[in-house]
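*Asks:* In numbering that gives the first Met the number 0, the protein residues as written are 0 to 169. Below is one structure. I have some questions about it.
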Amino acid sequence: MQYKKTLKKRSIKGFAGLISLLIACLTLDWLMLNFQWYTSLPQLHWTDEYGQPLSMHYGLVGIFVCAIIGVFVIEVVGRKIRFNVCSKCGLSRAVTKTTILLTNEQKEDLYKKSPALFSEIHLNLKMALSSRVTANYLRCKKCGYQHECKLRTDAHVPDDYREIDSGFIR
């Protein structure tokens, strides 16, 4: 329920941001009309489906294009910086990434709990114990809920990893 409220607030905030951006672009166009070089830009002319002639100043088109490119760049950069919302407690920007080099005891415990993580990187327990395995966790700072865990290794995995039996390839 908390998560839905957070999404609703973000939607309202995004819509308000879009309206604010539109108002800012129109205000900037109105202020720029006081400059000679801006008013000397040509007009874009077209007719609508009813035959009414319409026009728009190229400066306003340029302002809108720059605003769209700016919002896109900010969103792409912000997505890399901003963290996810915790699906359990609903707190935003509380999910942190942690990388841990696992000890042999941690490898054994994790292999007992979820062997699928090791099968994703094509390791069995014997190979995992003889190599370095790091775990990448996504956890919430507030509630401690673990969102995701991925493993990485430096072990050499042969081409046909399924036919390994005590170190010999058949």
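Cβ coordinates follow ideal geometry from the N, Cα and C atoms, glycine included.
Would you check if the distance between the CB atom of ALA127 and the CB atom of ILE99 is smaller than 8 Å?
*Replies:* No; because the gap between Cβ atoms is not below 8 Å, this pair is not in contact.
*Asks:* Starting from SER118 and walking both ways along the alpha helix (DSSP H), at which residues does that stretch end?
*Replies:* It spans 114–119 - the alpha helix (DSSP H) in which SER118 sits, taken as one unbroken run.
*Asks:* For LYS193, does the count of other Cβ atoms within 10 angstroms reach 16, so buried, or fall short, so exposed?
*Replies:* Look at the range of the chain in this structure, 0 to 169, and you will see that residue 193 is not part of it.
*Asks:* List the endpoints of the continuous alpha helix (DSSP H) containing THR102.
*Replies:* That residue, THR102, is in no alpha helix (DSSP H); it is neither H nor E in DSSP.
*Asks:* Hey, could you find the ends of the alpha helix (DSSP H) LEU195 is sitting in?
*Replies:* In the structure displayed, the chain extends from 0 to 169; residue 195 sits before or after that span and is not available.
*Asks:* Sort out for me which residues DSSP pairs GLU147 with in a bridge.
*Replies:* LEU137
*Asks:* With a cut-off of 8 Å, do at least 3 Cβ pairs link the segment 62–73 to the segment 108–119?
*Replies:* no
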